[in-house]
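Enquirer: Quick one: the structure is below, and I'll ask about it shortly.
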Amino acid sequence: MTVFNPSYLVKSRHGIWYFQMQVPSNFRKNDSRTLIRRSLRTRDRNVALSRSKFWYLKVVELDYDLSSLNSNETSKESDKKSSLSLSECVETFISEKKRGWRDPHSYTNEHKDYRPKLSLLTEILGNPPSNDITKADIVRYKNILFKMPSNRNKKSKYSGQTIEQLMEMNIPPNDLLGSTTISNNFVKVASFLSWLSENDLAQTNLSSPLRRVIRKERVDSELRSEFKRHDLEAIFNNDFYFKGKHRCSAHFWIPLLALFTGARLNELCQLDRADIVLIEGIWCIDINRNGRKRLKNLSSARIVPLHSTLINELSFLELVKGSEEIKLFPELKESPEGYGQSFSKWFNRTYRKNIGVGQGERRKDFHSFRHTFANYFKQLNDVQEFRVSELLGHKGSSTITFSRYGKESSLAAKRELIESLQFPMIRFDRFNYEA
């Protein structure tokens with residue numbers, strides 16, 4: 318598609334945009350000036366369009382006579398929007414982002430994802446006007462990040478040190494930020510830098526130095542490991558389950574629910590008793606975002622049938638019907654991270670250590686239940702991927718045909734798939750729990 322520029326917008330052979338306009342003969346004075354030309358100081362066409370409009374309106378307003386106009390003042394007025402400090406731009410960016418976040422998510426997104434990463438960017442660059450930031454500054458930021466220590470504020474030898482002081486230190490490789498952390502910083506900062514350009518707050522798109530910098534060290538399936546047979550035996554075949562030594566019902570039931578549903582930790586921890594429902598004669602978990610509950614994305618809302626082992630052998634429904642509490646696990650309290658924070662700490666830090674699972678294997682944690690669930694069906698050649706995606710609450714399916722036009726599988730078909738899960742290594746018959 319052909320793109321047309323206003324007649325007063327021209328580009329030099331060096332790629333810089335200029336405002337250029339002929340002075341009509343009836344407006345020319347003794348100096349016989351026939352052309353007004355001003356550099357817009359940018360190579361970005363969208364930025365140039367915005368700045369050229371300012372000059373066009375100013376020229377017409379002053380009848381083509383710019384002699385009374387202080388060049389510094391016009392420059393300031395033209396660049397008023399793009400001369401905000403970096404920290405001011407960060408606040409505006411986060412305020413806009415918040416509009417797309419549901420209230421329970423605002424704290425997590427702002428303070429865990431965006432704010433610390435953009436605060437570090439501001440600290441490194443020194444909070445200059447956004448219009449003064451160049452790609453060389455972003456390259457400097459990138460290079461500094463590769464030399465930054467992890468958990469900087471938690472380690473006494475790094476805490477309180479300025480960026481300059483940290484760069485002068487000989488930081489051991491094991492203390493440096495990991496590749497995943499650096500990559501996450503680059504993604505969030507690149508998003509912010511693109512926003513600067515889109516909103517005429519920078520002279521060009523500054524994000525390119527941060528794109529495709531770090532390649533994945535492992536394929537997605539290797540980022541976390543599933544639980545092997547010996548792991549499942551250690552998790553469930555022990556006195557905690559055989560002699561009822563778990564301190565609360567959540568510690569007993571949530572690992573079992575994760576094993577048979579593949580649900581995410583917070584999805585299980587935030588369940589209400591009303592979310593255990595009987596539909597078409599099939600007991601199910603209704604994973605939803607009603608009330609203060611939160612889900613990862615829209616496709617996370619789903620109905621998952623309960624495995625007969627949970628209902629018949631373990632009497633899970635007795636837990637559901639045995640209390641007047643709204644929450645299924647009232648002992649789990651809500652935090653800014655959701656309902657799963659305390660349980661995650663217990664399982665990943667305490668329980669795994671007590672039973673000797675995943676020690677020295679950082680890629681095995683509670684989320685490994687989800688990988689175990691997915692891998693179980695992956696090893697069965699006759700299971701269609703979209704059917705497993707429905708149970709896991711993944712976005713869409715592997716083909717546009719199923720995701721856009723296909724209807725969701727019937728509840729009976731989902732139950733059939735769930736019932737195919739078999740874990741003969743786990744001694745469910747010896748479990749001891751009173752709801």
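Take 318 as the starting number for the sequence shown in this note's numbering and just add one per residue.
Backbone N, C-alpha and C define an ideal beta-carbon position, used for all residues, glycine too.
Small disclaimer: the values here were computed from a predicted structure and weren't measured.
Kindly give me the distance between the Cβ atoms of Leu-527 and Val-506, rounded to whole angstroms, as I take these residues to be in contact under 8 Å.
Expert: Contact holds; Cβ gap of about 6 Å.
Enquirer: Please report how far the alpha carbon of Thr-718 lies from the alpha carbon of Leu-738, in whole angstroms.
Expert: With a pLDDT of 45 at Thr-718, under the threshold of 50, the predicted position of this residue should be treated as unreliable, though the coordinate-derived value follows. The straight-line gap from Cα to Cα measures roughly 27 Å.
Enquirer: Compute the Euclidean distance between the alpha carbons of Ile-333 and Ser-514, then round it to the nearest angstrom.
Expert: Taking the straight line joining both Cα atoms gives about 16 Å.
Enquirer: Take Ile-788 and list the residues in its own chain whose beta-carbon comes closer than 8 Å to its own, dropping the five residues that flank it on each side.
Expert: The structure shown has nothing for residue 788, since the chain only spans 318 to 752.
Enquirer: Measuring alpha carbon to alpha carbon, tell me which residue in Val-637, Arg-362 and Ala-567 is nearest Gly-657.
Expert: Ranking the options by Cα distance to Gly-657, first place goes to Ala-567.
Enquirer: Which of the three DSSP states is assigned to Ile-333 in this structure?
Expert: Ile-333 falls in the coil class under three-state DSSP.
Enquirer: Residues in its own chain within less than 6 Å of Pro-622 by CB, not counting five upstream and five downstream?
Expert: If we look at Pro-622 and ignore the five residues flanking it on each side, its Cβ neighbours are Ile-599, Cys-601, Lys-731, Arg-732 and Ile-735.
Enquirer: DSSP state of Met-486, grouped into three classes?
Expert: Note: Met-486 maps to coil in three-state DSSP.
Enquirer: Quick check on this structure: which residue in His-563, Pro-446, Leu-435 and Ala-453 has the alpha carbon closest to the alpha carbon of Asn-501?
Expert: The candidate whose alpha carbon is nearest that of Asn-501 is Leu-435.
Enquirer: Alpha carbons only, please: which of Tyr-325, Ile-353 and Phe-646 is nearest the one belonging to Ser-369?
Expert: Closest option to Ser-369, Cα to Cα, is Tyr-325.
Enquirer: Phe-660 to Tyr-431, Cα distance in whole Å?
Expert: Each residue's Cα considered, the two are about 25 Å apart.
Enquirer: Sort Arg-360, Ser-727, Lys-562 and Lys-613 by Cα distance to Glu-597 and report the nearest one.
Expert: Among Arg-360, Ser-727, Lys-562 and Lys-613, the Cα nearest to that of Glu-597 is on Ser-727.
Enquirer: What are the boundary residues of the alpha helix (DSSP H) that includes Val-504?
Expert: Where Val-504 is concerned, the enclosing alpha helix (DSSP H) stretches over 496 to 515.
Enquirer: Which residue comes first and which comes last in the alpha helix (DSSP H) that contains Cys-586?
Expert: Segment 582 to 586, the alpha helix (DSSP H) holding Cys-586.
Enquirer: Which of the three DSSP states is assigned to Gln-658 in this structure?
Expert: DSSP places Gln-658 in helix when its eight states are reduced to three.
Enquirer: For the structure I just gave you, are there three or more beta carbon pairs, one from the segment 439 to 458 and one from the segment 547 to 557, closer than 8 Å?
Expert: Taking 8 Å as the limit for Cβ pairs, the verdict is that the segment 547 to 557 does not touch the segment 439 to 458.
Enquirer: Assign Asn-460 to one of two classes, buried (16 or more other C-beta atoms within 10 Å of its C-beta) or exposed (fewer than that).
Expert: The residue is exposed, with fewer than 16 neighbouring Cβ atoms inside 10 Å.
Enquirer: If we count Cβ pairs, one from each stretch, closer than 8 Å, do we get three or more for the segment 461 to 472 versus the segment 486 to 500?
Expert: These segments touch.
Enquirer: Counting beta carbon pairs with one atom in the segment 690 to 699 and one in the segment 576 to 585, are three or more of them shorter than 8 Å?
Expert: As far as the Cβ criterion goes, the segment 576 to 585 touches the segment 690 to 699, which means the pair count is three or higher.
Enquirer: When you compare each of Gly-710, Pro-741, Lys-638 and Ser-511 to Asn-614 by their alpha carbons, which one comes out closest?
Expert: Comparing Cα positions, the closest option is Gly-710.
Enquirer: Which stretch, first to last residue, makes up the beta strand (DSSP E) that contains Val-327?
Expert: Note, Val-327: beta strand (DSSP E), 326 to 328.
Enquirer: Cα separation between Glu-641 and Asn-665?
Expert: Roughly 30 Å separates the two Cα atoms.
Enquirer: Please classify Val-364: is it buried, with 16 or more other beta-carbons within 10 angstroms of its beta-carbon, or exposed?
Expert: Under this definition Val-364 is a buried residue.
Enquirer: Let me know the alpha helix (DSSP H) ranges lying completely inside the segment 437 to 477, each 4 residues or longer, listed in chain order.
Expert: As far as the segment 437 to 477 is concerned, its whole alpha helix (DSSP H) runs of at least 4 residues are 452 to 462.
Enquirer: Assuming contact is defined by CB atoms lying nearer than 9 Å, are Leu-437 and Leu-518 in contact in what I supplied?
Expert: Not in contact: Leu-437 and Leu-518 (Cβ atoms no closer than 9 Å).
Enquirer: Quick check: what's the CA-CA separation for Phe-569 versus Tyr-750?
Expert: Spanning the two alpha carbons is a distance of roughly 8 Å.
Enquirer: Can you list, in chain order, the residues of its chain whose CB lies under 8 Å from that of Leu-612, leaving out five sequence neighbours each side?
Expert: Excluding positions up to five away in sequence, the list reads Glu-584, Ile-604, Asn-605, Arg-606, Ala-618 and Gly-710.
Enquirer: In whole angstroms, give me the CA-to-CA distance for Val-340 and Val-377.
Expert: Distance between the alpha carbons of Val-340 and Val-377 is about 10 Å.
Enquirer: Straight-line CA distance for Leu-379 to Arg-358?
Expert: Roughly 22 Å between the two C-alpha positions.
Enquirer: Measure the alpha-carbon distance for Thr-716 versus Lys-610 and round it to whole angstroms.
Expert: Because the pLDDT at Thr-716 is just 49, under 50, the model does not fix this residue reliably, and the point stays unresolved.
Enquirer: State the CB to CB distance for the pair Leu-403 and Asn-444, rounded to an integer number of angstroms; the pair is presumed to be in contact (CB under 8 Å).
Expert: About 5 Å; that satisfies the 8 Å criterion.
Enquirer: Leaving out five residues before and five after Cys-565 in sequence, what residues of the same chain have Cβ atoms less than 7 Å from its Cβ?
Expert: These residues qualify, in order along the chain: Glu-648.
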